[in-house]
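Colleague: If you're matching positions, the sequence shown starts at 1 in this note's numbering and goes up one per residue. Even for Gly, the Cβ is constructed at its ideal location relative to N, Cα and C. I have a structure I would like to understand better, so I am pasting it below and will then ask my questions one at a time.
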Amino acid sequence: MNALAEWAQCNIEAEIALGDVDVSTLMWAVRRKIDLAELPRRRAVIRFHFRDDPPPKCPHYWFVVEPGADLPELCSLDPRRDVDLYVETGVVSLGAILEGRSSIEREKERGGLFLSGDPGLARSMDRWLRTSVYAALEGIVQLS
């Protein structure tokens, strides 16, 4: 399976590999990739808005990170907490960041990712949002 995943990273175009990703599945993957040690030692609420066309069935997700929690809470309904960081993105852009087919800085530059809110959370996103183990491979097909 690892060999197949490595082959796919280096041989399948990013847009094709990520084009049919379900938003909910992607957000559960993001939940596992958040490094709580890199987040502030206070409650943090991060809201994701997917601006794909057509829009996904559920275009908004929130992560609520409580001090001492093992994992962030993933919500598809508004948790009614003040939001610290707003993340505007698309499924392909966020998937490409997770898979190492793009980066946070590159997606911000090309308009695939927009961050607003807490400047510290925005600046440190590349530390608290870890990438796939396959992101370090040589020759990964990048998002065009």
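With a threshold of 16 other CB atoms inside 10 Å of the CB of ALA14, please say whether the residue is buried or exposed.
Modeller: buried
Colleague: Under a three-way DSSP split, which group does ALA44 fall into?
Modeller: strand
Colleague: Would you mind reading off the limits of the alpha helix (DSSP H) that contains GLU109?
Modeller: 104-110
Colleague: Looking at GLY117: is its Cβ nearer than 7 angstroms to the Cβ of ASP84?
Modeller: yes
Colleague: Since GLU88 and ARG51 are thought to touch, with beta carbons under 8 angstroms apart, how far apart are those beta carbons, to the nearest angstrom?
Modeller: 6 angstroms
Colleague: The alpha helix (DSSP H) that contains GLU73, what's its start and end?
Modeller: Looking at the DSSP string, GLU73 is not in any alpha helix (DSSP H); the run it does join, the beta strand (DSSP E), is 73-75.
Colleague: Looking at GLY100: is its Cβ nearer than 7 angstroms to the Cβ of ILE140?
Modeller: yes
Colleague: Starting from SER132, trace the beta strand (DSSP E) both ways and give me its first and last residue.
Modeller: Looking at the DSSP string, SER132 is not in any beta strand (DSSP E), and its letter there is neither H nor E.
Colleague: Would the beta-carbon of PRO79 fall within 7 angstroms of that of ARG31?
Modeller: When the beta-carbon positions are compared, PRO79 and ARG31 stay at least 7 angstroms from each other.
Colleague: Pick from ALA8, GLU107, ALA136, GLU138: whose alpha carbon is nearest that of MET125?
Modeller: GLU107
Colleague: Run through the stretch 4-33 for me and flag every whole alpha helix (DSSP H) of 4 or more residues, listed as ranges in chain order.
Modeller: 14-18, 23-33
Colleague: So what's LEU39 in DSSP terms, helix, strand or just coil?
Modeller: coil
Colleague: Have a look at LEU36, HIS49, LEU98, GLU109 and flag the residue whose alpha-carbon is nearest the alpha-carbon of TRP128.
Modeller: Nearest of LEU36, HIS49, LEU98, GLU109 to TRP128, Cα basis: LEU36.
Colleague: Identify the residues that DSSP records as bridge partners of GLU88: which are they?
Modeller: Looking at the DSSP assignment, GLU88 forms a beta bridge with HIS49, PHE114.
Colleague: Where LEU143 and ALA8 are concerned, what is the direct C-alpha to C-alpha distance, given to the nearest angstrom?
Modeller: 13 angstroms
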